[in-house]
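Engineer: Under this note's numbering, read the sequence shown as residues 314 to 367, first letter to last.
The C-beta atom is built at its ideal place from N, Cα and C for all residues, glycine as well.
Nothing here was measured: the structure is a model prediction, and the numbers come from that model.
So that we are looking at the same thing, I have put the structure below in structure tokens.
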Amino acid sequence: MDRKVQGYGMALIGFLFLLFNALGYLLGWESRNPAFTVMGLVFVVVGLKQVRKV
């Protein structure tokens, strides 16, 4: 159960990174950074992989 919650947490954080970066591109903010996209994708994939294992 604990690993499942941790996996969902990682996936949520990754989604927030992706959302923040997407809003930066759409709204023209200066805070857009490709590293957030990469980190977001990694967090989503690893988090959902942890959820599937349990």
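(1) Residues in its own chain within less than 8 angstroms of residue 354 by CB, not counting five upstream and five downstream?
(2) In this structure, how does DSSP classify residue 314 when only helix, strand and coil are distinguished?
(3) Quick test of your reading: residue 349 and residue 334, contact by CB under 8 angstroms. State the CB separation rounded to the nearest angstrom.
(4) Can you check whether the CB of residue 317 is closer than 8 angstroms to the CB of residue 364?
Structural biologist: Quick answer:
(1) Within the same chain, 327, 331 come within 8 angstroms of residue 354 by CB-CB distance, once the 5 residues on both sides are set aside.
(2) Residue 314 sits in coil when the DSSP states are folded into three classes, being neither helix nor strand.
(3) Contact flag correct, Cβ pair sits at about 4 angstroms.
(4) Cβ distance < 8 angstroms, so residue 364 and residue 317 count as in contact.
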